[in-house]
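Following: one structure in C-alpha coordinates, then a few remarks.
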Amino acid sequence: MIMIEIAILILLLPLVAYASQIADWYFQWVKSAYYEPIETQKLGVSVIIPFKDEASNLGKLIDSLQQQVHPKYEIILVNDQSEDESLTILHEKISKQTSLDVKLHNTSSCGKKAAILTGVNAAKYPLIITTDADCTFHPEWLTTLTSFYHEKKADLIIGPVSIQERKGYLNRFQRIDFAALQLCGGAAALQQKPIMCNGANLMGSKEDYLQAQLQPEIASGDDMFLLEWMKQKKRSIHFVKSYKAAVLTNPCNTLKEFLQQRSRWAKKAPHYKDKQIIRTGLVVTLLNAFIPISLLASIWSTLFLFAFAAMLVIKTVSDYSLLKAGSQDFKIRITLFEVFYWQLHYPIYVLAVLLFPLFYTVKWKSRSI
431 MIMIEIAILI LLLPLVAYAS QIADWYFQWV KSAYYEPIET QKLGVSVIIP
481 FKDEASNLGK LIDSLQQQVH PKYEIILVND QSEDESLTIL HEKISKQTSL
531 DVKLHNTSSC GKKAAILTGV NAAKYPLIIT TDADCTFHPE WLTTLTSFYH
581 EKKADLIIGP VSIQERKGYL NRFQRIDFAA LQLCGGAAAL QQKPIMCNGA
631 NLMGSKEDYL QAQLQPEIAS GDDMFLLEWM KQKKRSIHFV KSYKAAVLTN
681 PCNTLKEFLQ QRSRWAKKAP HYKDKQIIRT GLVVTLLNAF IPISLLASIW
731 STLFLFAFAA MLVIKTVSDY SLLKAGSQDF KIRITLFEVF YWQLHYPIYV
781 LAVLLFPLFY TVKWKSRSI
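Listed below in C-alpha coordinates is the structure:
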(Lines of atoms letter the chains of each structure in order from A and count residues from 1; the text may use other names and numbers.)
(Lines give C-alpha, C1' and ligand atoms only; values in the text may rest on other atoms or scores of the structure.)
Protein backbone atom coordinates (compact mmCIF):
# COMPACT_ATOMS: atom_id res chain seq x y z
CA MET A 1 0.00 0.00 0.00
CA ILE A 2 2.84 2.40 0.85
CA MET A 3 4.48 1.68 -2.52
CA ILE A 4 1.22 2.51 -4.30
CA GLU A 5 0.93 5.80 -2.41
CA ILE A 6 4.53 6.69 -3.27
CA ALA A 7 3.88 5.85 -6.93
CA ILE A 8 0.79 8.08 -6.95
CA LEU A 9 2.75 10.96 -5.40
CA ILE A 10 5.40 10.60 -8.11
CA LEU A 11 2.69 10.61 -10.79
CA LEU A 12 1.16 13.79 -9.35
CA LEU A 13 4.41 15.78 -9.10
CA PRO A 14 4.37 16.97 -12.75
CA LEU A 15 0.70 17.95 -12.29
CA VAL A 16 1.55 20.22 -9.35
CA ALA A 17 4.41 21.83 -11.29
CA TYR A 18 2.25 22.22 -14.41
CA ALA A 19 -0.81 23.69 -12.66
CA SER A 20 1.37 26.13 -10.69
CA GLN A 21 3.12 27.31 -13.85
CA ILE A 22 -0.11 27.70 -15.84
CA ALA A 23 -1.64 29.70 -12.96
CA ASP A 24 1.42 31.94 -12.92
CA TRP A 25 1.17 32.52 -16.67
CA TYR A 26 -2.58 33.13 -16.43
CA PHE A 27 -2.16 35.96 -13.92
CA GLN A 28 0.71 37.41 -15.95
CA TRP A 29 -1.38 37.46 -19.13
CA VAL A 30 -4.42 38.98 -17.44
CA LYS A 31 -2.48 41.78 -15.77
CA SER A 32 -0.40 42.69 -18.85
CA ALA A 33 -1.80 45.60 -20.82
CA TYR A 34 -2.82 45.27 -24.46
CA TYR A 35 -0.31 47.19 -26.58
CA GLU A 36 -1.45 49.93 -28.93
CA PRO A 37 1.09 51.55 -31.28
CA ILE A 38 1.81 55.24 -30.85
CA GLU A 39 3.08 57.81 -33.32
CA THR A 40 6.87 57.67 -33.29
CA GLN A 41 9.72 58.24 -35.67
CA LYS A 42 9.31 55.93 -38.65
CA LEU A 43 12.05 53.37 -38.21
CA GLY A 44 13.26 51.55 -41.31
CA VAL A 45 12.95 47.77 -41.19
CA SER A 46 13.97 44.86 -43.43
CA VAL A 47 11.38 42.08 -43.69
CA ILE A 48 13.10 38.79 -44.56
CA ILE A 49 11.02 35.95 -45.98
CA PRO A 50 12.70 32.67 -46.91
CA PHE A 51 10.56 30.46 -49.14
CA LYS A 52 10.61 27.05 -50.77
CA ASP A 53 7.80 25.78 -53.01
CA GLU A 54 5.25 28.39 -51.90
CA ALA A 55 3.57 29.06 -55.24
CA SER A 56 0.10 28.82 -53.71
CA ASN A 57 0.87 31.41 -51.00
CA LEU A 58 3.15 34.06 -52.51
CA GLY A 59 0.39 36.07 -54.18
CA LYS A 60 -1.52 36.50 -50.90
CA LEU A 61 1.75 37.30 -49.12
CA ILE A 62 2.62 40.19 -51.48
CA ASP A 63 -0.94 41.53 -51.36
CA SER A 64 -0.89 41.54 -47.56
CA LEU A 65 2.51 43.25 -47.41
CA GLN A 66 1.34 45.90 -49.85
CA GLN A 67 -1.39 46.89 -47.38
CA GLN A 68 1.11 47.82 -44.67
CA VAL A 69 0.73 51.43 -43.55
CA HIS A 70 4.33 51.66 -42.33
CA PRO A 71 6.18 54.06 -44.65
CA LYS A 72 9.74 52.73 -44.47
CA TYR A 73 10.45 49.06 -45.10
CA GLU A 74 11.97 46.71 -47.62
CA ILE A 75 10.96 43.14 -48.41
CA ILE A 76 13.71 40.59 -49.00
CA LEU A 77 12.45 37.32 -50.46
CA VAL A 78 15.02 34.52 -50.40
CA ASN A 79 14.47 31.51 -52.64
CA ASP A 80 15.55 28.31 -50.91
CA GLN A 81 15.89 26.18 -54.06
CA SER A 82 12.20 26.09 -54.96
CA GLU A 83 11.09 23.43 -57.42
CA ASP A 84 7.58 24.71 -58.19
CA GLU A 85 6.31 27.88 -59.90
CA SER A 86 7.27 30.18 -57.02
CA LEU A 87 9.78 32.27 -58.97
CA THR A 88 7.49 32.70 -61.98
CA ILE A 89 4.62 33.83 -59.78
CA LEU A 90 6.87 36.20 -57.82
CA HIS A 91 8.33 37.84 -60.92
CA GLU A 92 4.83 38.41 -62.30
CA LYS A 93 3.55 39.77 -59.00
CA ILE A 94 6.54 42.03 -58.32
CA SER A 95 6.49 43.45 -61.85
CA LYS A 96 3.00 44.83 -61.16
CA GLN A 97 4.01 46.47 -57.87
CA THR A 98 5.31 50.02 -57.96
CA SER A 99 4.93 50.98 -54.29
CA LEU A 100 6.82 48.06 -52.70
CA ASP A 101 10.57 47.89 -52.20
CA VAL A 102 11.01 44.20 -53.02
CA LYS A 103 14.28 42.34 -53.54
CA LEU A 104 14.57 38.72 -54.62
CA HIS A 105 17.62 36.63 -53.73
CA ASN A 106 18.63 33.01 -54.23
CA THR A 107 20.62 31.03 -51.72
CA SER A 108 23.27 28.61 -52.92
CA SER A 109 23.25 26.79 -49.57
CA CYS A 110 20.47 24.47 -48.48
CA GLY A 111 18.00 25.22 -45.67
CA LYS A 112 16.01 27.96 -44.01
CA LYS A 113 18.89 29.17 -41.83
CA ALA A 114 21.09 29.76 -44.87
CA ALA A 115 18.21 31.58 -46.56
CA ILE A 116 17.68 33.83 -43.55
CA LEU A 117 21.41 34.61 -43.38
CA THR A 118 21.39 35.50 -47.09
CA GLY A 119 18.55 37.93 -46.41
CA VAL A 120 20.20 39.41 -43.33
CA ASN A 121 23.42 40.07 -45.25
CA ALA A 122 21.44 41.82 -47.98
CA ALA A 123 19.36 43.96 -45.57
CA LYS A 124 19.89 47.72 -45.76
CA TYR A 125 18.20 48.49 -42.43
CA PRO A 126 19.64 47.62 -38.98
CA LEU A 127 16.28 46.18 -37.82
CA ILE A 128 15.24 42.76 -39.08
CA ILE A 129 11.83 41.09 -39.04
CA THR A 130 11.50 37.48 -40.16
CA THR A 131 8.29 35.87 -41.27
CA ASP A 132 7.11 32.97 -43.44
CA ALA A 133 5.76 32.92 -46.98
CA ASP A 134 2.40 31.42 -45.95
CA CYS A 135 1.59 34.31 -43.60
CA THR A 136 -0.72 37.30 -43.85
CA PHE A 137 -0.71 40.42 -41.68
CA HIS A 138 -2.76 43.20 -40.11
CA PRO A 139 -2.14 46.50 -41.99
CA GLU A 140 -0.51 47.92 -38.83
CA TRP A 141 1.76 44.90 -38.27
CA LEU A 142 5.02 46.70 -39.07
CA THR A 143 3.88 49.93 -37.41
CA THR A 144 3.06 48.06 -34.19
CA LEU A 145 6.38 46.19 -34.08
CA THR A 146 8.50 49.25 -34.83
CA SER A 147 6.53 51.37 -32.34
CA PHE A 148 7.04 48.71 -29.68
CA TYR A 149 10.76 48.58 -30.46
CA HIS A 150 11.01 52.37 -30.21
CA GLU A 151 9.43 52.27 -26.74
CA LYS A 152 11.14 49.20 -25.28
CA LYS A 153 14.47 49.12 -27.16
CA ALA A 154 14.35 45.33 -26.84
CA ASP A 155 17.02 43.20 -28.49
CA LEU A 156 14.50 40.54 -29.52
CA ILE A 157 10.77 41.11 -29.98
CA ILE A 158 8.46 38.11 -30.14
CA GLY A 159 5.21 38.66 -32.02
CA PRO A 160 2.06 36.51 -31.79
CA VAL A 161 1.28 33.87 -34.42
CA SER A 162 -2.20 32.45 -35.04
CA ILE A 163 -3.50 29.65 -37.22
CA GLN A 164 -5.93 30.57 -40.02
CA GLU A 165 -9.46 29.39 -39.26
CA ARG A 166 -10.77 26.71 -41.59
CA LYS A 167 -13.33 23.95 -41.38
CA GLY A 168 -12.53 20.55 -39.98
CA TYR A 169 -11.50 18.60 -36.92
CA LEU A 170 -7.75 18.87 -37.57
CA ASN A 171 -7.84 22.63 -38.08
CA ARG A 172 -9.78 23.14 -34.86
CA PHE A 173 -7.25 21.13 -32.88
CA GLN A 174 -4.34 23.05 -34.42
CA ARG A 175 -5.91 26.42 -33.63
CA ILE A 176 -6.50 25.54 -29.99
CA ASP A 177 -3.16 23.79 -29.49
CA PHE A 178 -1.23 26.59 -31.19
CA ALA A 179 -3.07 29.29 -29.23
CA ALA A 180 -2.17 27.48 -26.00
CA LEU A 181 1.50 27.37 -27.03
CA GLN A 182 1.43 31.07 -27.93
CA LEU A 183 -0.19 32.00 -24.62
CA CYS A 184 2.37 30.04 -22.62
CA GLY A 185 5.27 31.46 -24.61
CA GLY A 186 3.86 34.98 -24.55
CA ALA A 187 3.17 34.99 -20.80
CA ALA A 188 6.62 33.60 -20.07
CA ALA A 189 8.23 36.34 -22.19
CA LEU A 190 6.08 38.98 -20.46
CA GLN A 191 7.68 37.74 -17.22
CA GLN A 192 11.10 38.17 -18.82
CA LYS A 193 11.50 34.37 -18.76
CA PRO A 194 10.97 33.44 -22.43
CA ILE A 195 10.74 29.76 -23.34
CA MET A 196 9.61 29.83 -26.97
CA CYS A 197 9.23 32.00 -30.05
CA ASN A 198 8.26 31.57 -33.68
CA GLY A 199 10.31 32.66 -36.68
CA ALA A 200 7.08 33.63 -38.46
CA ASN A 201 7.00 36.80 -36.32
CA LEU A 202 10.34 37.77 -34.84
CA MET A 203 12.17 41.09 -34.71
CA GLY A 204 15.83 41.68 -33.87
CA SER A 205 18.90 43.55 -35.00
CA LYS A 206 20.98 42.73 -38.05
CA GLU A 207 24.07 42.67 -35.84
CA ASP A 208 22.64 40.01 -33.53
CA TYR A 209 21.43 37.84 -36.40
CA LEU A 210 24.93 37.86 -37.87
CA GLN A 211 26.57 37.09 -34.52
CA ALA A 212 24.16 34.39 -33.31
CA GLN A 213 25.04 30.73 -33.48
CA LEU A 214 21.92 29.07 -34.87
CA GLN A 215 23.14 25.45 -34.89
CA PRO A 216 23.68 25.29 -38.71
CA GLU A 217 24.13 21.51 -38.54
CA ILE A 218 20.46 21.18 -37.51
CA ALA A 219 18.04 21.75 -40.38
CA SER A 220 15.31 23.58 -38.42
CA GLY A 221 15.10 25.69 -35.28
CA ASP A 222 16.39 29.08 -36.44
CA ASP A 223 13.95 30.80 -34.07
CA MET A 224 14.50 28.76 -30.89
CA PHE A 225 18.29 28.68 -31.23
CA LEU A 226 18.27 32.46 -31.71
CA LEU A 227 16.20 32.75 -28.53
CA GLU A 228 18.67 30.57 -26.62
CA TRP A 229 21.59 32.64 -27.89
CA MET A 230 19.85 35.87 -26.85
CA LYS A 231 19.22 34.49 -23.36
CA GLN A 232 22.83 33.35 -23.01
CA LYS A 233 24.02 36.84 -23.98
CA LYS A 234 21.62 38.44 -21.45
CA ARG A 235 19.80 40.34 -24.19
CA SER A 236 16.43 41.97 -23.44
CA ILE A 237 13.54 39.94 -24.87
CA HIS A 238 9.93 41.16 -25.03
CA PHE A 239 6.56 39.90 -26.25
CA VAL A 240 4.05 42.17 -28.00
CA LYS A 241 0.57 41.57 -26.61
CA SER A 242 -1.32 42.99 -29.57
CA TYR A 243 -3.60 41.53 -32.20
CA LYS A 244 -2.27 44.11 -34.64
CA ALA A 245 1.21 42.63 -34.20
CA ALA A 246 0.00 39.08 -34.92
CA VAL A 247 0.53 37.15 -38.12
CA LEU A 248 -1.80 34.48 -39.49
CA THR A 249 -0.24 31.29 -40.81
CA ASN A 250 -1.71 28.36 -42.68
CA PRO A 251 -2.67 25.16 -40.85
CA CYS A 252 -1.39 21.75 -41.90
CA ASN A 253 -3.82 20.21 -44.36
CA THR A 254 -3.42 16.53 -43.45
CA LEU A 255 -2.72 14.53 -40.32
CA LYS A 256 0.57 13.28 -41.77
CA GLU A 257 1.69 16.84 -42.55
CA PHE A 258 0.74 17.89 -39.01
CA LEU A 259 2.70 15.03 -37.42
CA GLN A 260 5.64 15.84 -39.70
CA GLN A 261 5.62 19.42 -38.38
CA ARG A 262 5.40 18.45 -34.72
CA SER A 263 8.06 15.74 -35.14
CA ARG A 264 10.40 18.37 -36.59
CA TRP A 265 9.78 20.51 -33.51
CA ALA A 266 10.38 17.55 -31.20
CA LYS A 267 13.66 16.65 -32.91
CA LYS A 268 15.11 20.02 -31.88
CA ALA A 269 14.52 19.38 -28.17
CA PRO A 270 17.71 17.33 -27.46
CA HIS A 271 19.79 20.25 -28.74
CA TYR A 272 18.35 22.83 -26.34
CA LYS A 273 20.69 23.98 -23.58
CA ASP A 274 18.53 26.52 -21.75
CA LYS A 275 17.48 25.02 -18.40
CA GLN A 276 14.12 26.80 -18.29
CA ILE A 277 13.16 25.53 -21.76
CA ILE A 278 14.26 21.99 -20.88
CA ARG A 279 12.45 22.03 -17.52
CA THR A 280 9.18 23.26 -19.04
CA GLY A 281 9.31 20.66 -21.81
CA LEU A 282 10.06 17.89 -19.32
CA VAL A 283 7.11 18.78 -17.07
CA VAL A 284 4.67 18.84 -20.02
CA THR A 285 6.00 15.56 -21.43
CA LEU A 286 5.87 13.75 -18.10
CA LEU A 287 2.35 14.94 -17.33
CA ASN A 288 1.04 13.82 -20.71
CA ALA A 289 2.77 10.46 -20.25
CA PHE A 290 1.55 9.97 -16.68
CA ILE A 291 -2.13 10.52 -17.52
CA PRO A 292 -2.51 7.28 -19.55
CA ILE A 293 -0.05 5.47 -17.27
CA SER A 294 -2.23 6.21 -14.24
CA LEU A 295 -5.29 4.92 -16.10
CA LEU A 296 -3.50 1.67 -16.99
CA ALA A 297 -2.21 1.34 -13.42
CA SER A 298 -5.80 1.42 -12.12
CA ILE A 299 -5.94 -2.26 -13.13
CA TRP A 300 -3.80 -2.97 -10.05
CA SER A 301 -5.34 -0.41 -7.70
CA THR A 302 -8.37 1.87 -7.96
CA LEU A 303 -6.30 4.57 -6.20
CA PHE A 304 -4.60 5.19 -9.53
CA LEU A 305 -8.03 5.99 -10.96
CA PHE A 306 -8.26 8.95 -8.57
CA ALA A 307 -4.82 10.11 -9.73
CA PHE A 308 -5.99 9.84 -13.35
CA ALA A 309 -9.15 11.85 -12.61
CA ALA A 310 -7.17 14.50 -10.70
CA MET A 311 -4.69 14.96 -13.55
CA LEU A 312 -7.41 15.12 -16.19
CA VAL A 313 -9.64 17.57 -14.30
CA ILE A 314 -6.90 19.90 -13.02
CA LYS A 315 -5.12 20.01 -16.39
CA THR A 316 -8.42 20.72 -18.15
CA VAL A 317 -9.31 23.58 -15.80
CA SER A 318 -5.78 25.01 -16.00
CA ASP A 319 -5.67 24.92 -19.79
CA TYR A 320 -9.19 26.30 -20.15
CA SER A 321 -8.46 29.22 -17.81
CA LEU A 322 -5.41 30.26 -19.83
CA LEU A 323 -7.14 29.79 -23.19
CA LYS A 324 -10.18 31.75 -22.00
CA ALA A 325 -7.94 34.59 -20.85
CA GLY A 326 -6.36 34.84 -24.30
CA SER A 327 -9.42 34.02 -26.39
CA GLN A 328 -10.05 37.65 -27.35
CA ASP A 329 -6.41 38.24 -28.22
CA PHE A 330 -6.24 35.21 -30.50
CA LYS A 331 -9.83 35.52 -31.81
CA ILE A 332 -10.75 32.00 -30.78
CA ARG A 333 -13.91 30.73 -29.10
CA ILE A 334 -13.45 28.01 -26.52
CA THR A 335 -15.60 26.04 -24.07
CA LEU A 336 -14.67 23.98 -21.04
CA PHE A 337 -16.23 20.88 -22.58
CA GLU A 338 -14.13 21.27 -25.74
CA VAL A 339 -10.90 21.57 -23.75
CA PHE A 340 -11.86 18.43 -21.80
CA TYR A 341 -12.58 16.64 -25.08
CA TRP A 342 -9.13 17.49 -26.46
CA GLN A 343 -7.47 16.44 -23.20
CA LEU A 344 -8.70 12.89 -23.82
CA HIS A 345 -6.93 12.90 -27.19
CA TYR A 346 -3.75 14.70 -26.15
CA PRO A 347 -1.76 11.71 -24.81
CA ILE A 348 -2.48 9.89 -28.09
CA TYR A 349 -1.26 12.93 -30.03
CA VAL A 350 1.97 13.13 -27.98
CA LEU A 351 2.59 9.41 -28.47
CA ALA A 352 1.96 9.72 -32.22
CA VAL A 353 4.48 12.58 -32.51
CA LEU A 354 7.12 10.56 -30.64
CA LEU A 355 6.52 7.39 -32.68
CA PHE A 356 6.15 9.08 -36.08
CA PRO A 357 9.92 9.16 -36.88
CA LEU A 358 10.11 5.39 -36.34
CA PHE A 359 7.76 4.73 -39.26
CA TYR A 360 8.24 7.76 -41.54
CA THR A 361 11.13 9.97 -42.59
CA VAL A 362 10.69 13.41 -41.03
CA LYS A 363 10.62 15.92 -43.88
CA TRP A 364 10.16 19.60 -44.58
CA LYS A 365 8.84 20.17 -48.11
CA SER A 366 10.86 17.61 -50.11
CA ARG A 367 13.82 17.52 -47.73
CA SER A 368 14.62 14.93 -45.11
CA ILE A 369 15.29 16.49 -41.72
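Using the numbering used here, the first residue of the sequence shown is number 431, and each one after it goes up by one.
Backbone N, C-alpha and C fix where the C-beta goes; we use that ideal spot for every residue, glycine too.
Cα separation between residue i and residue j?
i: arginine 692; j: alanine 609; result: 15 Å
i: leucine 678; j: alanine 719; result: 31 Å
i: lysine 526; j: alanine 447; result: 55 Å
i: valine 780; j: threonine 573; result: 38 Å
i: leucine 547; j: serine 538; result: 11 Å
i: lysine 502; j: glycine 474; result: 5 Å
i: proline 700; j: phenylalanine 789; result: 20 Å
i: leucine 766; j: tyrosine 750; result: 6 Å
i: leucine 613; j: glutamate 595; result: 18 Å
i: isoleucine 468; j: alanine 619; result: 22 Å
i: tryptophan 659; j: leucine 752; result: 28 Å
i: serine 757; j: isoleucine 764; result: 7 Å
i: alanine 463; j: isoleucine 729; result: 49 Å
i: leucine 742; j: phenylalanine 688; result: 24 Å
i: valine 713; j: aspartate 562; result: 30 Å
i: leucine 611; j: aspartate 704; result: 18 Å
i: leucine 774; j: isoleucine 606; result: 14 Å
i: glycine 634; j: arginine 665; result: 11 Å
i: histidine 500; j: lysine 472; result: 8 Å
Quick one: residues in its chain with C-beta nearer than 8 Å to the C-beta of residue i, no 5 flanking neighbours on either side, listed in chain order?
i: alanine 553; result: Ser476, Ile478, Glu504, Ile506 and Lys636
Near residue i, what residues of its chain come up, given a Cβ to Cβ distance below 7 Å and the 5 sequence neighbours on each side ignored?
i: leucine 716; result: Pro444
i: leucine 685; result: Leu600
i: lysine 582; result: His668
i: lysine 776; result: First, the residue type needs correcting, since residue 776 is tyrosine and not lysine in the sequence shown. For tyrosine 776, where only same-chain residues beyond five positions count, the Cβ hits under 7 Å are Asn718.
i: alanine 642; result: Leu656 and Trp659
i: lysine 597; result: none
i: glutamine 708; result: Correcting the residue identity first, residue 708 is isoleucine in this sequence and not glutamine. So the qualifying residues of the chain are Tyr702.
i: leucine 621; result: The identity of residue 621 in the sequence shown is glutamine, whereas the question assumes leucine. Cβ neighbours of glutamine 621 beyond the five flanking positions: Gln458.
Leaving out the 5 sequence neighbours to the left and right, which residues in its chain are closer than 6 Å to residue i when beta-carbon positions are compared?
i: phenylalanine 738; result: Ser724 and Leu725
i: proline 480; result: Val508, Asp510, Lys542, Ala545 and Ile546
With respect to the beta strand (DSSP E) encompassing residue i, which residues constitute its N-terminal and C-terminal limits?
i: tyrosine 639; result: Premise fails: tyrosine 639 lies in the alpha helix (DSSP H), 636 to 641, not in any beta strand (DSSP E).
i: asparagine 509; result: 503 to 509
i: phenylalanine 669; result: 667 to 669
Can you give the beta carbon distance from residue i to residue j, rounded, assuming they're within the 8 Å contact cut?
i: valine 550; j: leucine 640; result: 6 Å
i: tryptophan 520; j: leucine 488; result: Reading off the sequence, residue 520 comes out as leucine, not tryptophan. That belief holds up - the Cβ atoms of leucine 520 and leucine 488 are roughly 6 Å apart, short of 8 Å.
i: isoleucine 593; j: glutamine 604; result: 5 Å
i: alanine 630; j: valine 591; result: 5 Å
i: leucine 733; j: isoleucine 432; result: That belief does not hold up - the Cβ atoms of leucine 733 and isoleucine 432 are roughly 12 Å apart, past 8 Å.
i: leucine 632; j: threonine 576; result: With a Cβ gap of about 14 Å, leucine 632 and threonine 576 do not count as contacting.
i: glutamate 569; j: glutamine 662; result: Before going further, note that residue 569 is proline rather than glutamate in the sequence given. About 36 Å separates the two Cβ atoms, so there is no contact after all.
i: alanine 755; j: valine 460; result: 5 Å
i: asparagine 628; j: aspartate 653; result: 6 Å
i: phenylalanine 567; j: leucine 495; result: 7 Å
i: phenylalanine 736; j: valine 670; result: Going by Cβ atoms, the distance from phenylalanine 736 to valine 670 rounds to 42 Å, so no, they are not a contact pair.
i: serine 731; j: alanine 453; result: Actually they do not touch by this definition, with Cβ atoms about 30 Å apart.
i: isoleucine 625; j: threonine 710; result: 5 Å
i: aspartate 483; j: serine 516; result: 6 Å
On the DSSP bridge list, what partners appear for residue i?
i: proline 480; result: Val508
i: lysine 597; result: BP columns for lysine 597 are empty, so no partner.
i: cysteine 565; result: Thr679
i: leucine 632; result: Thr560 and Ile588
i: valine 475; result: Tyr503
Go to residue i, then tell me how far its alpha helix (DSSP H) extends in each direction, as first and last residue.
i: asparagine 536; result: Element bounds for asparagine 536: not the alpha helix (DSSP H) but the beta strand (DSSP E), 532 to 536.
i: isoleucine 436; result: 432 to 461
i: valine 499; result: Run containing valine 499: none; DSSP gives neither H nor E here.
i: serine 751; result: 733 to 756
i: serine 577; result: 571 to 582
i: glycine 711; result: 705 to 727
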